[in-house]
Amino acid sequence: MSQDLGLWTVPLAVIGGAIRVSTPFLFVSLGETITERAGRINLGLEGTLVFGAMAAYATAVLTGSAWTGVAAAGLAGAGFGLVHGVICSLPRVNDVAVGIALMLFGLGLAFFLGKPFIQPSAPPLPAIPFGFWSDLPQVQAALRVNVLFLVGAALSVVLWWAFRHTRAGLVVRAVGDSAEAARAMGYSVTRVRVLATMAGGVLAGIGGAYLSLYYPGSWNEGISSGQGLMAVALVIFARWNPLACFGAALLFGGAGALGPALQSVGVSSGYYLFYAAPYVLTLALLVATSSPDRALAGAPGELGLSR
Amino acid sequence: MSAALPIETIGMTKRFGAFAALDDVSIKIEAGGFHALLGENGAGKSTLVKCIMGFYAPTSGSLLVDNREVAIAGPKAAQAQGLGMVYQHFTLVPSLTGAENLVIARADVPRLIDWGRERAALAAFMAGMPFRLDLDRPVATLSAGEKQKLEIVKQLSLKARFLILDEPTSVLTPAEAEEVLGLLRGMTDAGALTVLMISHKFREVETFARSFSVLRRGRLAGGGAVGAVSRDDMAAMMMGERRIRTVAARSGSPDPDRTVLQLDGVTATDPSGLRRIAIDSLSVRAREIVGIAGVSGNGQKELADVLGGQVRATGGRVAVAGAPYAGTRAESRSRRVRFIPEEPLRNACAPQMSVAENIGFRAFDRRTDGRTGFWLDTGGLRRRARDLIARFGVKTASAEAPIATLSGGNVQRAVLARELTDPVDLLIVVNPCFGLDFAAVSDIRSRIVAARNGGTAVLLISEDLDEILELSDRILVMSEGRLVYETTAAEAEIGAIGRHMAGHH
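Protein chains in written order, with the working numbering: chain A, 760 to 1066; chain B, 210 to 714.
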C-alpha cells in the first residue's frame, strides 16, 4: 500500500504534526491564559507539565487506566498551582521568581519520583482515526486525532465564551485588569488569583499527561523540550485570547513537525535549523507583533508587562 | 425609587498610633440632604468617609444609618446598607465595557450571564437615569467625564440611597460639573438620595450643597447651612489662624522677539493607540506663561510626553531656541529645558532613593569643573542637596530619607529645587499643584511665576482652570487632541473657555 507521495509528505506531516504536537501547547497556554487574565504570571508551568507527565504515566502503569493517569496529572497540577498561588499572595513575593523556583522543583521532583517508571509501559490514551476514508497510511497517520486534542479545542471555545458570559469569567478579568476596582466591588483578589493559578496548573498537568500517554508516549527525562515555557510566550502572542491560543498552538505544533518531515524526504542539510523552527518562530513572532510606540493591546493591567 | 437615607456620625474618632486622623467628629445629614465636606489635604475628610464606608474601623464613635446604629464591616456591607461612594480614582475595570462593569458590581451576579436579559434590564434602568452613556465601549476608551458619570450610574444601579462623592468635579468641564451636580441635587430634592460631597470649590458648594461641615486637623472646625456663612469665613475655618502667602504677581511682559518653544504641525499617538494629537502651531516666548487648559484626557498628557521625549512625534517639528528638539538629556541640558511631569513622585522621582539623591539627578554626572567623571562627588552632592532643601523649604526628616516618605507638597518642592536652581530657558509643567494643600499650592505657583519673571518661558499644562487663569499670560484650550481656542489672560472669559473645553464651539 505504501506509495511515494514525494514532497506532499511534508505538508501532510506538518498538518499531522500540528494536531499531534500542539496539544500540550494548547493546554498549557489555555491554563496560562486563565492565570494571566487574573493578573499573575506562572512560569512554573514547565515544571508542572513534566511532573504531570510523570504522574500520569506512573498512575497509568499502576492502575492500568490512562484516564486515571490524566486525572492524577490534573490533580498534581492543581497542587503546584496552589503552591504558586499561595506563595505569591505573601507580601513582597515576585511571581516570576517563584515560578522559576517551582519549575526547577517540579522537574527535579518528577525525575526523582519517576525513576522506576522509565522501563514499564503504560496504556496509551485513545485516538480517533479520522483518516479512515483514505488508503494512504500517511493520511491515516496524520489524521489520527487524540481525544485530548478535541477536548482542548472545545475548551478554547468554552473559555473564550466564559470570559464574557459567566460571573467567574468577568471576575477573573476584573481582578487581572484592576485589583483596586475588584477590591472596591468586594471581590477577594487573592482568592481569585489562587484559584486561577490552580486552574492553570490543572490544565498544564493534563498537557503533561498527553506527552507521556500519547505523544511521544513514554516517560523519560527529556520528555518536554521546553513546551511549557514556550506556551507562556504563546499566550502573549495570542493576546490572552483562548481562540487565538488554539491557532497559535497549531502553528507551533506544525513548526515543530517541520524538521522531522523534511528529514524524511531527504532534506538533510541544515535540518538542525528546521528543528529549531518553533523557537525561531517564537522569537520572530514576538518581535513582529510588538512595537516600541504601542502598549501591548489586550494585556491585563495588573500583569506589569504593559507598564 | 426608594427613599433617601439620613446619616449621622457621633463622636467619630480614628487614631493611627498616637496620631488622631479624626477626632470626635459628629455630623448629621438629613434624608435628602446635600452636604459638603470641606477641608485641606490631611484634614481628615477621607478618613471620615472611609470610616463611614467601612474601610477603616473607627477607634471610637458610632454611625447611625436611618437613625439606627450600624457597624459597617467593609464596602460590601456598606452597599447592603444602601451606602455608595464615588472615588476620585476610578474604580471601573478599564478593559471591561460599561455594561460588564455595571453587571459585576452587583452583589447577585448570576453564574451564567444572560446578556439579552441584562441588556434589556440595563436599558430600562438607563431610561430612568439623567445621563446618556454608551455601555458597549470598553471603559478605557471613555473620557474622564463619561467615566465619572458611569461611576455615579453604577452606585445608583446598586440602589445607593446615600452617596459619597470625593471631589467629583475635578475631572469634569465646568458645564459637565454643572450638569452632574445639578442632576444629583434634583434627586436629593425629590427625596431619592442623600449626598455627601468632598469639595475644594466654594462656588460649587454654594451652588449645589444645602449644608456643609469643615474639618481641620481631624476636628470639626465649623459648619452650618450654605449661604449663612461667607466665603471668607469658610476659608478661615479651613485654614485656622495661619496666614498664607499670596502668589507673586507677574511683572514685566513677554519678550516678543524671543520665541523659545515652537511647535509646527506636530502629530503623535499615545501607546494605547487610542488618542491622537495634532498641534498645528504653538509657541511660547521668553518671560511668558502659556497655559493649556482642558479636561483630563484630551491630549494634554500626549503633548507633555512628546515634549518630554517619552513619546515619538509621528510628524511635524518641535523646536527649542530655533533648533529641533527631541527631549534627550544632552539637548535639555544644552538648551536649558526643564520638564516637571504630573504626579512627580511617580514620574519624576525614584521613590525609594533619598531626597538628596533625587535632588541630584540633574547634577550628579557633572562636576564643578564641567567634566564628567567615573566617581560621584558624593560630599558635594550632599552639601548641595542640604542647601536646596533649606532654600526651597522642603520639609523632610533628613536629606537621606527616601523621597517617598515626603508629603505631596514637599515632593513637588524637592522637584522644583532640582529643576529651577540652574538658569532655565524653558520650563514645562504639568498639573503642578494637583492634590496639594493651600500652603504648598501658593508656594509652588510663586516659584513658577518667579521663574517667568526672571525670563523663563513657561508652558503650563493644567486641568485646574483656576490655576491657568491665575498664572497665565496667554491661555489655550485643548480638546480632542487639538488646540481649539486662544485668548490672552486679560480678555479671558470663563464661559468661552468652558465651551471650548467641552468641545462645543
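Each residue gets a CB set at the ideal place from its N, CA and C atoms; glycine is no exception.
Keep in mind it's a predicted model, so treat the numbers as computed, not measured.
Based on the DSSP secondary-structure assignment, which residues constitute the bridge partners of residue i?
i: Glu609 of chain B; result: According to DSSP, Glu609 of chain B bridges with nothing at all.
i: Tyr694 of chain B; result: B:Val686
i: Lys223 of chain B; result: B:Leu231
i: Val529 of chain B; result: B:Leu470 and B:Ala532
i: Arg547 of chain B; result: B:Leu636
i: Ser563 of chain B; result: B:Pro611
i: Met294 of chain B; result: B:Ile373
i: Ala539 of chain B; result: Its beta-bridge partners do not exist; DSSP assigns none.
i: Ile501 of chain B; result: B:Ile670 and B:Leu685
i: Ile216 of chain B; result: B:Ile238 and B:Val274
What first and last residue would you give for the beta strand (DSSP E) that runs through residue i?
i: His244 of chain B; result: Phe243 to Leu247
i: Pro888 of chain A; result: Ala886 to Pro888
i: Ala487 of chain B; result: Arg485 to Arg494
i: Gln621 of chain B; result: Unbroken run through Gln621 of chain B is the alpha helix (DSSP H), Gly617 to Leu629; no beta strand (DSSP E).
i: Asp375 of chain B; result: Phe371 to Asp375
i: Phe421 of chain B; result: Ser420 to Arg425
Just to confirm the assignment, what range does the alpha helix (DSSP H) spanning residue i have?
i: Lys285 of chain B; result: Pro284 to Ala289
i: Leu680 of chain B; result: Leu674 to Leu680
i: Arg952 of chain A; result: Val948 to Leu972
i: Phe922 of chain A; result: Val906 to His924
i: Leu669 of chain B; result: Premise fails: Leu669 of chain B lies in the beta strand (DSSP E), Ala666 to Ile670, not in any alpha helix (DSSP H).
i: Ser1068 of chain A; result: Residue numbering for chain A in the displayed model covers 760 to 1066; residue 1068 of chain A lies beyond these limits and cannot be assessed.
i: Gln357 of chain B; result: Ala353 to Ser366
i: Thr1041 of chain A; result: Ala1036 to Ala1047
i: Val829 of chain A; result: Ala825 to Cys847
i: Val348 of chain B; result: First-last for Val348 of chain B: undefined, no H or E at that position.
i: Ala300 of chain B; result: Sequence check: residue 300 of chain B is Thr here, not Ala. Taken as a continuous stretch (DSSP letters only), Thr300 of chain B belongs to no alpha helix (DSSP H), as it is neither H nor E.
i: Met406 of chain B; result: Where Met406 of chain B is concerned, there is no enclosing alpha helix (DSSP H), although the beta strand (DSSP E) it sits in stretches over Thr403 to Ile407.
Under the rule that 16 or more other beta-carbon atoms within 10 Å means buried, what is residue i, buried or exposed?
i: Leu483 of chain B; result: exposed
i: Lys223 of chain B; result: buried
i: Arg320 of chain B; result: exposed
i: Leu863 of chain A; result: exposed
i: Ile453 of chain B; result: Low confidence applies to Ile453 of chain B: its pLDDT is 45, below 50, so where it sits in the model is not reliable, and the reading given next is rough at best. So Ile453 of chain B counts as exposed.
i: Ile703 of chain B; result: exposed
i: Lys259 of chain B; result: buried
i: Leu962 of chain A; result: buried
i: Leu311 of chain B; result: buried
i: Lys604 of chain B; result: exposed
i: Leu849 of chain A; result: exposed
i: Gln357 of chain B; result: buried
i: Gly588 of chain B; result: exposed
i: Gln364 of chain B; result: buried
i: Ser420 of chain B; result: buried
i: Ile684 of chain B; result: buried
For residue i, go through chain B and note every residue whose CB falls closer than 9 Å to its CB, in chain order.
i: Arg799 of chain A; result: None at all; the shortest Cβ gap to chain B is about 16 Å.
i: Asp894 of chain A; result: Those within 9 Å of Asp894 of chain A in chain B number zero; the least Cβ separation is about 47 Å.
i: Asp854 of chain A; result: The premise fails here: Asp854 of chain A is roughly 20 Å from chain B at the closest Cβ pair, so nothing lies under 9 Å.
I want to verify the contact list: residues of chain A whose CB lies under 7 Å from the CB of residue i, in sequence order.
i: Ala314 of chain B; result: Met944
i: Gly508 of chain B; result: Within chain A, no residue comes near Gly508 of chain B; the closest Cβ sits about 16 Å away, beyond 7 Å.
Compute the beta-carbon to beta-carbon distance between residue i and residue j, rounded to the nearest angstrom, for a pair I have assumed lies under 8 Å.
i: Pro875 of chain A; j: Ala825 of chain A; result: About 19 Å separates the two Cβ atoms, so there is no contact after all.
i: Gly354 of chain B; j: Thr382 of chain B; result: 7 Å
i: Glu735 of chain B; j: Pro463 of chain B; result: Because chain B is modelled from 210 through 714, residue 735 of chain B falls outside the range shown and cannot be assessed.
i: Glu805 of chain A; j: Trp999 of chain A; result: Glu805 of chain A to Trp999 of chain A, Cβ: 19 Å. No contact.
i: Pro284 of chain B; j: Met221 of chain B; result: Not really, about 18 Å apart at Cβ, beyond 8 Å.
i: Val773 of chain A; j: Ala1016 of chain A; result: 5 Å
i: Gly1012 of chain A; j: Val780 of chain A; result: 4 Å
i: Leu512 of chain B; j: Ala666 of chain B; result: The Cβ separation is near 16 Å, so there is no contact.
i: Asp343 of chain B; j: Gly400 of chain B; result: The pair is not a contact, with the Cβ atoms about 30 Å apart (cut-off 8 Å).
i: Phe371 of chain B; j: Thr350 of chain B; result: Actually they are not in contact, since the Cβ atoms of Phe371 of chain B and Thr350 of chain B sit about 31 Å apart, beyond 8 Å.
i: Ile800 of chain A; j: Leu993 of chain A; result: About 13 Å separates the two Cβ atoms, so there is no contact after all.
Give me the chain A residues within the contact set of residue i, using Cβ-Cβ distance strictly less than 8 Å, ordered along the chain.
i: Ser304 of chain B; result: Arg932, Asp936, Gly1057, Pro1059 and Gly1060
i: Arg484 of chain B; result: The premise fails here: Arg484 of chain B is roughly 12 Å from chain A at the closest Cβ pair, so nothing lies under 8 Å.
i: Leu301 of chain B; result: Ser937 and Ala940
Output, in chain order, the set of chain B residues within a Cβ distance shorter than 8 Å of residue i.
i: Ala997 of chain A; result: Correct list: empty, because the minimum Cβ distance to chain B is about 16 Å.
i: Thr1048 of chain A; result: By Cβ distance, chain B contributes nothing, its closest Cβ being about 14 Å from Thr1048 of chain A, past 8 Å.
i: Leu1002 of chain A; result: Ordered by position in chain B, no residue passes the 8 Å Cβ test against Leu1002 of chain A, which lies about 17 Å from the chain.
Please find out if some non-hydrogen atom of the ligand ATP comes closer than 7 Å to the beta-carbon of residue i.
i: Asp375 of chain B; result: The ligand content of the structure shown is nil, which means the ligand ATP is not present either.
If the cut is a Cβ gap below 7 Å, which residues of chain B does residue i touch?
i: Gly925 of chain A; result: Note on identity: in this sequence residue 925 of chain A is Thr, with Gly being the wrong assignment. Simply Arg320, Leu321 and Ile322.
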